[in-house]
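Q: Chains as they are written, first to last, in numbering that gives the first Met the number 0: chain F, 0 to 221; chain X, 0 to 249.
Here a beta-carbon is modelled for each residue, glycine too, at the ideal position from N, C-alpha and C.
Computed from a predicted structure; not experimentally measured.
Have a look at this one.
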Amino acid sequence: MSERLWGILIDSFPKILIPGLTATIPLTVIAFSLAMVIAVAAAMAQFAHVPVVTQLCRFYIWIFRGTPLLVQLFVVFYGLAKVGIRIDPFPSAVIVFSLNEGAYCAETVRAALEAVPSGQLEAGYCAGMSYLQTMRRIILPQAMRTAFPSLSNSLIAMVKDTSLAANITVVEMFRATQKIDARVYEPLALYIEVGLIYLLFSTVLTWLQGIGEKKLGAYEEG
Amino acid sequence: MLEVQNIKKSFGRLEVLKGISLRVEKGDVVAIIGPSGSGKTTLLRCMNFLERADGGTLVFDQDSFDLAHISKKEIARIRRKTAFVFQNYNLFLNKTALQNVMEGLIVARKLPRSEAEGIARQALEKVGMLDRENHYPRQLSGGQQQRVAIARAIAAQPEIIYFDEPTSALDPELTEEVLAVMRQLADEGMTMLVVTHEMGFARNVSSKVIFMENGVVVEASGSKDFFQRPRQERTKEFLRNISKSPQKEN
Numbered sequence: 000m001s002e003r004l005w006g007i008l009i010d011s012f013p014k015i016l017i018p019g020l021t022a023t024i025p026l027t028v029i030a031f032s033l034a035m036v037i038a039v040a041a042a043m044a045q046f047a048h049v050p051v052v053t054q055l056c057r058f059y060i061w062i063f064r065g066t067p068l069l070v071q072l073f074v075v076f077y078g079l080a081k082v083g084i085r086i087d088p089f090p091s092a093v094i095v096f097s098l099n100e101g102a103y104c105a106e107t108v109r110a111a112l113e114a115v116p117s118g119q120l121e122a123g124y125c126a127g128m129s130y131l132q133t134m135r136r137i138i139l140p141q142a143m144r145t146a147f148p149s150l151s152n153s154l155i156a157m158v159k160d161t162s163l164a165a166n167i168t169v170v171e172m173f174r175a176t177q178k179i180d181a182r183v184y185e186p187l188a189l190y191i192e193v194g195l196i197y198l199l200f201s202t203v204l205t206w207l208q209g210i211g212e213k214k215l216g217a218y219e220e221g
Numbered sequence: 000m001l002e003v004q005n006i007k008k009s010f011g012r013l014e015v016l017k018g019i020s021l022r023v024e025k026g027d028v029v030a031i032i033g034p035s036g037s038g039k040t041t042l043l044r045c046m047n048f049l050e051r052a053d054g055g056t057l058v059f060d061q062d063s064f065d066l067a068h069i070s071k072k073e074i075a076r077i078r079r080k081t082a083f084v085f086q087n088y089n090l091f092l093n094k095t096a097l098q099n100v101m102e103g104l105i106v107a108r109k110l111p112r113s114e115a116e117g118i119a120r121q122a123l124e125k126v127g128m129l130d131r132e133n134h135y136p137r138q139l140s141g142g143q144q145q146r147v148a149i150a151r152a153i154a155a156q157p158e159i160i161y162f163d164e165p166t167s168a169l170d171p172e173l174t175e176e177v178l179a180v181m182r183q184l185a186d187e188g189m190t191m192l193v194v195t196h197e198m199g200f201a202r203n204v205s206s207k208v209i210f211m212e213n214g215v216v217v218e219a220s221g222s223k224d225f226f227q228r229p230r231q232e233r234t235k236e237f238l239r240n241i242s243k244s245p246q247k248e249n
């Protein structure tokens with residue numbers, strides 16, 4: 000490899016990593032946290048068969064699972080601007096990623112809730128606890144334990160999906176790389192470099208998932 | 000103390016309870032026996048509102064409730080006086096033995112943690128499970144889980160405990176360890192309503208026996224009378240059939 004190429008790679012590394020720390024990671028953390036709130040709420044509403052709300056949840060999940068993420072980003076950022084709703088790139092990305100991820104995770108959490116034996120809820124009732132008390136203290140913790148590997152999977156997928164936010168001008172890692180490439184034209188080296196940084200992020204998350212599963216697994220050990 | 004009158008329940012077109020009435024006095028140990036599918040479990044579940052009965056009245060400590068139209072508040076009020084032991088234990092899987100017993104005390108009864116812990120330890124001691132207080136349900140045998148479940152029931156200081164086939168999922172040895180705890184409770188005067196297939200328990204521990212079949216009570220009497228002087232033909236036949244196999248005595 001030429002000295003010039005090494006220089007570019009070393010030079011560009013902080014220029015890619017810093018947007019990673021200031022955009023990719025915050026976007027992921029904020030959007031995924033909101034997605035969890037949406038997912039748990041939507042899953043619980045469906046689990047309890049709350050009329051109307053359940054149908055609204057099904058509709059929401061249908062829309063967000065059935066259309067491309069990229070299309071959703073364009074609708075919110077470019078589309079809404081056309082009717083006078085101007086949202087900055089980063090908040091637009093947060094909105095779309097949390098709604099999109101929330102739709103997928105709602106299904107994961109709902110399935111996990113349904114996997115908790117029905118006797119757990121009955122035992123809660125018989126101990127004098129209300130539905131919500133039993134959900135919060137008994138059913139949800141067990142369901143989240145079941146859902147944890149799938150949710151971790153979604154989180155890891157999301158870190159990489161945030162690269163799509165480049166298309167609505169959010170300067171995250173991928174867009175930062177594009178900008179450098181536009182100047183120096185070294186696409187192979189630069190895109191492999193950014194790929195490796197995504198890989199680094201995913202690896203850290205996979206490692207954290209392992210630790211989390213071990214912690215949550217305490218009551219599963221027989 | 001507790002009385003149900005004319006309780007009815009259907010699942011779709013299947014009529015499971017066709018108007019059951021029974022009475023439980025303080026200190027009674029009532030065994031509900033009968034063939035599988037006779038509606039015993041459904042009766043117990045209706046009495047604690049795990050199933051909603053289609054009709055009937057429940058009288059608890061002089062208060063009368065219409066089972067088909069009972070409100071959530073009334074259900075909560077009655078449940079505070081009752082406890083339920085399930086066939087498959089239903090311990091909270093994400094809680095240790097001690098936490099299982101404390102949970103209802105803290106969350107439903109709002110006891111301070113330290114007080115709840117004291118009561119829970121006492122209850123675990125009574126069923127011989129104090130040395131396993133930090134074990135999770137999946138780390139315990141079926142018999143141990145059921146004993147913790149009984150500790151959870153008695154910790155609530157209920158006026159009556161409902162048992163739904165508490166030993167049906169257990170092998171003979173584990174059955175014995177659970178029955179021993181139940182016998183001890185009976186000796187202490189706990190009021191109990193027990194759906195069971197353990198004839199030894201019905202004969203030797205219970206004070207009354209209710210024999211059910213096809214959603215009706217065939218015969219109800221004191222347990223001595225029931226086994227020695229059955230009145231109904233069907234009861235006599237049932238007793239003849241079960242005496243063909245060697246009976247384990249409790």
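Buried or exposed: X:Ile241, going by 16 or more other Cβ atoms within 10 Å of its Cβ?
A: Locating residue 241 of chain X in the second sequence gives position 242, counting from the first residue. Label assigned to X:Ile241: exposed.
Q: Would you kindly report the start and end of the unbroken alpha helix (DSSP H) that includes X:Phe64?
A: Position 65 of the second sequence, counting from 1, holds the residue named residue 64 of chain X. Careful: X:Phe64 lies outside any alpha helix (DSSP H), inside the beta strand (DSSP E) at 62-65.
Q: Going by other Cβ atoms of all chains shown within 10 Å of its Cβ, with 16 needed for buried, is F:Gly83 buried or exposed?
A: Locating residue 83 of chain F in the first sequence gives position 84, counting from the first residue. Exposed, because fewer than 16 other Cβ atoms sit within 10 Å of the Cβ of F:Gly83.
Q: Between which two residues does the alpha helix (DSSP H) carrying F:Ile60 extend?
A: Taking the first residue of the first sequence as 1, we reach residue 60 of chain F at position 61. Unbroken alpha helix (DSSP H) run through F:Ile60: 52-65.
Q: Check whether the segment 97-104 of chain F touches the segment 126-139 of chain F, counting contact only when three or more Cβ pairs, one atom from each stretch, lie closer than 8 angstroms.
A: The segment 97-104 of chain F, when compared against the segment 126-139 of chain F, does not touch it at the 8 angstroms Cβ threshold.
Q: Under 9 angstroms, CB to CB, which of the residues in the segment 104-138 of chain X have a partner in chain F?
A: If the cut-off is 9 angstroms between Cβ atoms, the segment 104-138 of chain X has Leu104, Val106, Ala107, Arg108, Tyr135, Pro136, Arg137, Gln138 near chain F.
Q: Let's test the definition: count the other Cβ atoms within 10 Å of the Cβ of X:Ser222 and tell me whether it reaches 16, buried, or not, exposed.
A: Locating residue 222 of chain X in the second sequence gives position 223, where the first residue counts as 1. With 16 or more Cβ atoms within 10 Å of its Cβ, X:Ser222 is classed as buried.
Q: Can you tell which of X:Gly214, X:Arg233, X:Val3, X:Arg108 has the C-alpha that lies nearest to the C-alpha of X:Ala154?
A: Position 155 of the second sequence, counting from 1, holds the residue named residue 154 of chain X. It is X:Arg108.
Q: In terms of residue numbering, what span does the alpha helix (DSSP H) encompassing X:Glu172 cover?
A: Counted from its first residue, the second sequence places residue 172 of chain X at position 173. That run of the alpha helix (DSSP H) goes 171-186.
Q: Pull up the CB-CB distance for X:Gly214 and X:Gly38, whole angstroms please, since I reckon it's below 8 angstroms.
A: For the purposes of this step, residue 214 of chain X is identified with residue 215 of the second sequence, where counting begins at 1. For the purposes of this step, residue 38 of chain X is identified with residue 39 of the second sequence, where counting begins at 1. Right, the Cβ-Cβ distance comes to about 4 angstroms (below 8 angstroms), so this counts as a contact.
Q: I need the straight-line Cα distance from F:Gly221 to X:Gln4, nearest angstrom please.
A: The residue labelled residue 221 of chain F in the question sits at position 222 within the first sequence. The residue labelled residue 4 of chain X in the question sits at position 5 within the second sequence. Interpretation of F:Gly221 is limited by its pLDDT of 45, a score under 50 that renders its predicted location unreliable; the figure taken from the coordinates is listed afterwards. Straight-line Cα distance between these residues: approximately 45 angstroms.
Q: Residues in the segment 120-131 of chain F with C-beta within 8 angstroms of chain X's C-beta atoms, listed in sequence order?
A: From the segment 120-131 of chain F, only Glu121, Ala122, Gly123, Tyr124, Cys125, Ala126, Gly127, Met128, Ser129 have a Cβ closer than 8 angstroms to chain X.
Q: Between F:Ala40, F:Ser32, F:Gly216, which has its C-alpha nearest X:Tyr135's C-alpha?
A: By 1-based counting over the second sequence, the position of residue 135 of chain X is 136. The residue with the shortest Cα to Cα distance from X:Tyr135 is F:Gly216.
Q: Return the CA-CA distance between X:Gln143 and X:Glu187, expressed in angstroms with no decimal places.
A: Position 144 of the second sequence, counted from the first residue, corresponds to residue 143 of chain X. Position 188 of the second sequence, counted from the first residue, corresponds to residue 187 of chain X. Going by the C-alpha atoms only, they are around 21 angstroms apart.
Q: Step through the CB atoms of chain X and report whether any lies within less than 7 angstroms of the CB of F:Ile138.
A: Taking the first sequence and counting its residues from 1, the one referred to as residue 138 of chain F is at position 139. No - not a single Cβ of chain X is within 7 angstroms of the one on F:Ile138.
Q: Verify the CB distance criterion: does X:Ile69 have a CB-CB separation below 7 angstroms to chain F?
A: Reading the second sequence from its first residue, position 70 is the one you call residue 69 of chain X. Not one chain F Cβ lies under 7 angstroms of X:Ile69.
Q: How far does the beta strand (DSSP E) with X:Gly54 in it extend, from its first residue to its last?
A: Position 55 of the second sequence, counted from the first residue, corresponds to residue 54 of chain X. From DSSP, the beta strand (DSSP E) with X:Gly54 extends over 54-59.
Q: Please give the ranges of any alpha helix (DSSP H) in the segment 104-137 of chain X, keeping only runs that are unbroken, at least 4 residues long and fully inside the region.
A: Runs found: 112-125.
Q: Compile a chain-ordered list of the residues in the segment 90-121 of chain F whose CB is closer than 7 angstroms to at least one CB of chain X.
A: Under the 7 angstroms Cβ criterion, the segment 90-121 of chain F contributes Gly118, Gln119, Glu121.
Q: Relative to the C-alpha of X:Ala168, which candidate in X:Glu197, X:Ala52, X:Arg230, X:Phe91 has its C-alpha closest?
A: Residue mapping note: residue 168 of chain X aligns to position 169 of the second sequence, counting from 1. Comparing Cα-Cα distances from X:Ala168 to each of X:Glu197, X:Ala52, X:Arg230, X:Phe91, the minimum goes to X:Glu197.
Q: Distance cutoff 7 angstroms, beta carbons only. Does F:Tyr59 sit that close to anything in chain X?
A: Reading the first sequence from its first residue, position 60 is the one you call residue 59 of chain F. Cβ-Cβ to chain X under 7 angstroms: no for F:Tyr59.
Q: Could you name the residues of the same chain whose beta carbon sits closer than 7 angstroms to that of X:Ala115, not counting the 5 residues immediately before and after it, in chain order?
A: By 1-based counting over the second sequence, the position of residue 115 of chain X is 116. These residues qualify, in order along the chain: Met101, Leu104, Ile105.
Q: Considering only residues of the same chain and omitting the five flanking positions on each side of F:Phe63, which have a CB-CB separation below 6 angstroms?
A: To locate residue 63 of chain F, count along the first sequence from 1; it is residue 64. Excluding positions up to five away in sequence, the list reads Leu98, Asn99, Ala102.
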